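Protein chains in written order, with this note's numbering: chain A, 24 to 133; chain B, 4 to 115. Positions of the beta carbon are idealized from the N, C-alpha and C atoms, including for glycine. In this text the structure is predicted, and so the values were computed from the model without any measurement. Below: the structure, in structure tokens.
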């Protein structure tokens with residue numbers, strides 16, 4: 024079952040904040056976050072394991088609510104380089120099989 | 004450290020023709036994935052290998068798609084015969100078997 028992301032698209036001005044949500048209908052083992060720029064391959068941002076942890080580096084962080092089967096990605100003080108499509112990937116079992124979400128297209132404008 | 008290599012980068016074929024894609028994962032990575040990414044959508048897993056064994060191929064259209072990973076290193080994905088709806092970017096990724104998947108640049112396939 025593909026996880027659902029919201030919003031589908033968002034436009035920000037430089038310096039603004041954004042939140043991208045990822046919801047699953049199944050119990051989650053882990054959540055992965057990737058960013059993909061146009062015409063390029065997805066690039067890993069971070070992974071969160073079950074246990075309700077929160078992670079972050081620089082101005083991008085994420086939380087994982089195991090009970091709600093949801094994860095959120097937080098981008099603060101956005102930069103032009105943050106533009107791209109963000110995908111969450113959910114792992115519901117073993118073997119590192121990740122199912123990618125519907126994607127959120129983020130555009131940061133000056 | 005060299006990344007995941009894929010070739011060709013672009014391929015244009017006519018429907019009913021055959022095509023093959025090649026992937027060389029990061030050295031030492033036991034897990035290799037093939038994804039299909041249709042324009043505007045997220046990557047969809049086609050097949051996952053652990054060394055040279057198949058872990059998951061539940062979404063691989065086995066009547067026309069095949070993949071192998073001989074010797075547990077590089078891998079090939081074949082489509083025979085191709086259909087119009089196979090037009091997509093085919094991404095190969097590898098991982099050490101734990102968390103992060105490293106993606107290759109992909110092969111953009113156009114079926115006319």
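| Check | Outcome |
| --- | --- |
| Since residue 45/A and residue 28/A are thought to touch, with beta carbons under 8 angstroms apart, how far apart are those beta carbons, to the nearest angstrom? | 5 angstroms |
| Are there 16 or more other CB atoms within 10 angstroms of the CB of residue 85/A, so buried, or fewer, so exposed? | buried |
| From the DSSP secondary-structure annotation, give me the bridge partner or partners of residue 40/B. | 92/B |
| Spatial neighbours of residue 76/B within its chain, please: CB distance less than 8 angstroms, with the 5 preceding and 5 following residues excluded, ordered by chain position. | 27 and 28 |
| Which runs of the beta strand (DSSP E) spanning at least 3 residues fall entirely within the region 42-93 of chain B, listed in chain order? | 47-53, 56-59, 68-71 and 78-82 |
| Hey, would you say residue 97/B sits closer than 8 angstroms to residue 113/B, going by beta carbons? | no |
| Under 8 angstroms, Cβ to Cβ, is there at least one residue of chain B near residue 120/A? | yes |
| How about residue 112/A and residue 122/A: do their beta carbons lie closer than 8 angstroms? | yes |
| If you draw a straight line from the C-alpha of residue 85/B to the C-alpha of residue 74/A, how long is it? | 44 angstroms |
| Using a beta-carbon distance cut-off of less than 9 angstroms, what residues from the region 27-58 of chain B approach chain A? | 34, 36, 38, 40, 43, 44, 45, 46, 47, 48, 51, 53 and 58 |
| Is the Cβ of residue 124/A closer than 8 angstroms to any Cβ of chain B? | yes |
| Since residue 23/B sits in a beta bridge, which residues does DSSP pair it with? | 81/B |
| Using CA atoms only, rank isn't needed, just tell me which of 74/B, 40/B, 55/B and 54/B is closest to residue 62/B. | 40/B |
| What does residue 110/A touch in chain B if you count any residue whose Cβ is under 9 angstroms from its own? | 45 and 46 |
| Quick one: grab the DSSP three-state call for residue 105/A. | helix |
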